[in-house]
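Taking it in order: structure first as structure tokens, then the write-up.
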Amino acid sequence: MNWTIWNKSQPAPLELLMEADPSEKQIAKYLEASHVFQLVDANEIIGIICLLPLNKQQLEIMNIAVQPSKRNQGVGKILLEKAFDYAAKNGFSAIIVKTGNSSIDQLAFYQKNHFRMQQIVPNYFTKHYPDQTIIENGIACLDQIILLKEIKS
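Each residue of the sequence shown is one higher than the last, beginning at 1 in UniProt numbering.
And the structure:
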């Protein structure tokens with residue numbers, strides 16, 4: 001496996017990005033300003049992580065996605081470790097990630113990787129995805145959960 005940086009002159013790997021974010025419109029809003037790292041195995045992108053600097057101290061994980069056939073094999077953890085390393089080397093003190101109240105697996109994944117819940121934004125998904133009803137695990141995705149991990153340089 002090796003890392004590549006997404007070249008903004010190339011088409012975005014939308015199919016993979018949409019595994020984590022169902023809206024091409026939302027992806028387009030953050031993709032150009034993000035640092036995008038792709039994990040490649042046998043010439044196939046198996047994982048991707050988009051990091052958006054919010055300020056000099058914080059990065060936000062805007063998108064993290066793993067090819068369905070590569071899930072539960074540690075690829076997500078490798079992607080997070082890349083983000084932690086990038087943040088530490090570039091002087092960031094924290095990484096935040098936002099997910100939905102119904103994203104049970106994602107909430108467990110982030111907490112296992114030392115993210116802590118910081119805030120709940122009520123009705124975020126009903127406001128920002130008005131044309132979509134998002135259901136995960138039999139639960140309506142309504143509220144946004146913000147998690148934070150402190151980075152040690």
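Backbone N, C-alpha and C fix where the C-beta goes; we use that ideal spot for every residue, glycine too.
Classify residue i as helix, strand or coil using the three-state DSSP reduction.
i      : result
Leu107 : helix
Gln10  : coil
Phe84  : helix
Pro22  : coil
Phe115 : coil
Thr4   : strand
Leu59  : strand
Residue i bridges to which residues according to DSSP?
i      : result
Glu32  : BP columns for Glu32 are empty, so no partner.
Lys149 : Ile95
Phe125 : None, per the DSSP bridge assignment.
Please report the Cβ distance between residue i and residue j, rounded to the nearest whole angstrom; I am assuming they are in contact, meaning their Cβ atoms lie under 8 angstroms.
i     : j      : result
Ala65 : Ile48  : 5 angstroms
Ala83 : Ser153 : The pair is not a contact, with the Cβ atoms about 14 angstroms apart (cut-off 8 angstroms).
Leu80 : Asn55  : 21 angstroms between Cβ atoms; not a contact.
Lys8  : Glu32  : 7 angstroms
Are residue i and residue j touching if we call contact CB-CB under 9 angstroms?
i      : j      : result
Ile96  : Leu16  : no
Asp143 : Phe115 : no
Ser102 : Ile139 : yes
Pro22  : His35  : no
Ile46  : Met1   : yes
Gln118 : Ser93  : no
Trp6   : Ala12  : yes
Gly100 : Cys50  : no
Leu39  : Ile27  : no
Asn137 : Ile104 : yes
contact_flag[the region 64 to 75, the region 125 to 142] where n(CB pairs < 8 angstroms) is 3 or more: Contact between the region 64 to 75 and the region 125 to 142 is absent, because fewer than three Cβ pairs lie under 8 angstroms.
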